[in-house]
Amino acid sequence: MNLQDLIKTGESNTVEFKEKFDEQTIESAVAFANTKGGIIFIGVSDKNNIKGIKVGKETLNQWTNQISQSTDPRIIPELEKIKVDGKTVIAVKIKENPIKPISKKGRCLKRVDSSNRAMSAQEVAQMHLHSTGMSWDKYLAKDASLEDIDLDDGVVVNYAKFEGLWGRYEYG
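Under numbering that gives the first Met the number 0, the first residue of the sequence shown is numbered 0, with each subsequent residue one higher.
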């Protein structure tokens, strides 16, 4: 699919249009890295018009450094110049990061449809655990005791049967 087809389709969970490079561009990079990845087209208006953008020979390196230095863990984008109808558009390609979440100034964002949304503390924790292959099940509840387990509701018994543990241990 070429740029003009993408422009006709509009912004999505993997495509963003920006007239210029700014802090919101970096926020979109963070949101893409925390979800499926995506492309930010700089030089295209939100109304899907190609405006073009003037860039010097060091501009792309500066933008790459700005994104990298503003994110934690660092995002290293791939930038590409595209000529459309005599105008320059910059494609900022962001890959989904394997270790998440990525933040900008301590703020974690995710992509939802065509917008960036701040993540809750619970979403941040869940995303980190998921990306590292961990789960809350692997952590001990230090203040819990056997009395906290309700054997009458059947959940524990069903789990033990499912895992093939029933009969191997004495419950209750």
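We treat Cβ as the ideally placed atom computed from N, Cα and C, and that holds for glycine.
Open item on the list: For a quick check, are the C-beta atoms of Asn33 and Met126 less than 8 angstroms apart?
Closed with: Against a cut-off of 8 angstroms, the Cβ pair of Met126 and Asn33 comes out as a contact.
Open item on the list: Tell me the rounded alpha-carbon separation between Asp152 and Tyr138.
Closed with: 23 angstroms
TODO: Could you say which of Lys160, Asp21 and Cys107 lies nearest to Thr63 if we only look at CA atoms?
DONE: Asp21
Open item on the list: If we require 3 or more residues per run, which beta strand (DSSP E) segments fall completely within the stretch 70 to 109?
Closed with: For the stretch 70 to 109, whole beta strand (DSSP E) runs of length 3 or above, ordered along the chain, are 77 to 83 and 86 to 93.
TODO: Assign Ser67 to one of three DSSP states: helix, strand, or coil.
DONE: Three-state result, Ser67: helix.
- [ ] Kindly indicate which three-state DSSP category Asn33 falls into: helix, strand or coil?
- [x] helix
- [ ] Give the range of the alpha helix (DSSP H) segment to which Val236 is assigned.
- [x] No answer is possible for residue 236: it lies beyond the span of the chain, which begins at 0 and ends at 171.
Task: Residues that DSSP places opposite Glu15 in a beta bridge - done: Ile39
Task: Simplified DSSP state of Asn157, which is helix, strand or coil - done: helix
Task: Residue closest to Gly42, alpha-carbon to alpha-carbon, out of Gly36, Asp112, Ala90 and Arg110 - done: Nearest to Gly42 by alpha-carbon distance, out of Gly36, Asp112, Ala90 and Arg110, is Ala90.
Task: Asn60 to Leu78 span [Cα, whole Å] - done: 9 angstroms
- [ ] Measure the alpha-carbon distance for Ser44 versus Glu10 and round it to whole angstroms.
- [x] 11 angstroms
Open item on the list: For the alpha helix (DSSP H) containing Ser130, name the first residue and the last one.
Closed with: Ala120 to Ser130
Open item on the list: Using the three-state DSSP reduction, which class does Ser134 fall into: helix, strand or coil?
Closed with: Under the three-state reduction of DSSP output, Ser134 falls in the coil class, being neither helix nor strand.
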